[in-house]
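>
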Amino acid sequence: MLRLNGIETRYGKIVALRNMSLEVREGEIVALLGMNGAGKSTTLKTISGLLRPKAGTIEFMGQPVDQLSPEEIVRRGIIHVPEGRKIFPGLTVKENLILGATSRKISMTQVKQELQEILDIFPELIPLLDQLGWSLSGGQQQMCAIGRGLMAKPKLLMLDEPSLGLAPLIVQNMFHTIQKINRNGTTVLLVEQNARQSLAIAHRGYVAEAGKIVASDEASNLLNGIHHAYLGAAK
Ligand SMILES: Nc1ncnc2c1ncn2[C@@H]1O[C@H](COP(=O)(O)OP(=O)(O)OP(=O)(O)O)[C@@H](O)[C@H]1O
Ligand SMILES: [Mg+2]
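No gaps in the numbering here: position 89 of the sequence shown is 89 in UniProt numbering, and each next residue is one more.
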């Protein structure tokens, strides 16, 4: 579905991605793991067209997309929920959610129906629909941001650190919801520092370091590797 081949992305002279290659197949949850500064967010920004790669190719559904505008990439079905839950603080939860559907030409009746589908996934948002974005907790903002992304009916949903800064119980709930979204038919590229919990729901995983992939495998194998690394460190 999505294939990055030899991507190089820079911020001015700083090379953030060097030879980044990875693949996401339809129906999968793919985890992209790595330490701070490894290039995870830059990878998502490059895929969504916010940054232009200096080298390499990106293909989505068999078509090159690395020269398209961010708007066109959204129209092709790639939605990026950025780091730090960027919702509109001065808009209500409902308005934030509905904004997610603006890239598509659909009737208000259909918007309302789809809003209901999102609320089935995030029932916690129902009592908050008329509250302003700024008044929400971190977890509620994250649900609102992901819900808004889903309103665009993405083929591929890219989530940047959805668990960051959330309380442990809410984190668990968040991963469970991502799995549910995937089972409903959305392919997911999940960027996380929380390796254990993301690998527990992912099909496959990649580990990035200094702007390139240093390991990739079935999620269960990577998870075993982490267990071994921890056991080794404990000796
Ligand atoms: N706006 C920017 N200007 C200059 N350099 C940047 C910018 N954003 C990121 N970088 C650099 O690019 C590299 C990759 O950063 P990126 O944000 O992709 O990492 P990350 O894996 O998402 O890290 P984190 O886990 O901290 O979010 C880092 O070396 C970082 O310092
Ligand atoms: Mg990041």
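Cβ atoms here follow ideal geometry from the backbone N, Cα and C, with glycine treated the same way. All values reported here derive from a predicted model rather than from experimental measurement.
Looking at C-alpha atoms only, which residue of P154, N194, R25, N224 is the closest neighbour of residue 241?
Beyond the ends of the chain as shown, which are 1 and 235, falls residue 241; an answer cannot be given.
> Give me the Cβ distance between H203 and E28, rounded to the nearest whole Å; I'm assuming they're in contact under 8 Å.
5 Å
> So what does S216 bridge to, in DSSP terms?
Y206
> Starting from M108, trace the beta strand (DSSP E) in both directions and tell me its first and last residue.
Not the beta strand (DSSP E): M108 falls in the alpha helix (DSSP H), residues 108 to 121.
> Please confirm whether E72 has its beta-carbon closer than 8 Å to some beta-carbon of chain C.
The structure shown contains no chain C; it is built from a single protein chain.
> Going by Cα to Cα distance, which pick from M108, K54, K155, L2 is closest to Y11?
For Y11, the nearest C-alpha among the options comes from K54.
> Any residue with its C-beta under 5 Å from a non-hydrogen atom of ligand 1 counts. Can you list them all in chain order?
Y11, I14, A16, N36, G37, A38, G39, K40, S41, T42
> Identify whether A152 lies in helix, strand or coil by the three-state DSSP scheme.
coil
> Since D66 sits in a beta bridge, which residues does DSSP pair it with?
DSSP output for D66 lists no bridge partner at all.
> For N36, count neighbouring Cβ atoms within 10 angstroms of its own Cβ and tell me buried if that reaches 16, exposed if not.
exposed
> With the cut-off set at 8 Å, would you say M174 and Q142 are in Cβ contact?
yes
> Quick one: what does DSSP say N5 is sitting in, helix, strand or coil?
In this structure, DSSP gives N5 an extended state, which the three-state scheme calls strand.
> Does any heavy atom of ligand 2 sit closer than 7 Å to the C-beta of D66?
No, ligand 2 has no heavy atom inside 7 Å of this Cβ.
> Should L32 and Y206 be called a contact, given that it needs their Cβ atoms to be closer than 8 Å?
yes
> Near L50, which residues of its chain fall below 7 Å by C-beta distance, leaving aside the five closest residues on each side in sequence?
P70
> Could you tell me the alpha carbon to alpha carbon distance between L17 and I213, rounded to whole angstroms?
10 Å
> By DSSP, does R18 sit in helix, in strand, or in coil?
The three-state reading of DSSP puts R18 in strand, counting E and B together.
> Excluding the 5 residues flanking T92 on each side, which residues of the same chain have their C-beta closer than 8 Å to its C-beta?
By the criterion of a C-beta distance shorter than 8 Å, T92 is surrounded in its chain by L129, D130, Q131, L132, G133, once the five residues flanking it on both sides are discounted.
> Tell me the residue span of the alpha helix (DSSP H) that contains A200.
195 to 201
> So, for A233: in the same chain, excluding its five sequence neighbours on each side, which residues have a beta-carbon less than 8 Å away from its beta-carbon?
Bear in mind that a pLDDT of 48 at A233, under 50, signals an unreliable position, so the number given afterwards is only what the model happens to contain. Excluding residues within five positions, none has a Cβ falling inside 8 Å.
> Does at least one heavy atom of ligand 2 sit under 7 Å from the Cβ of E26?
no
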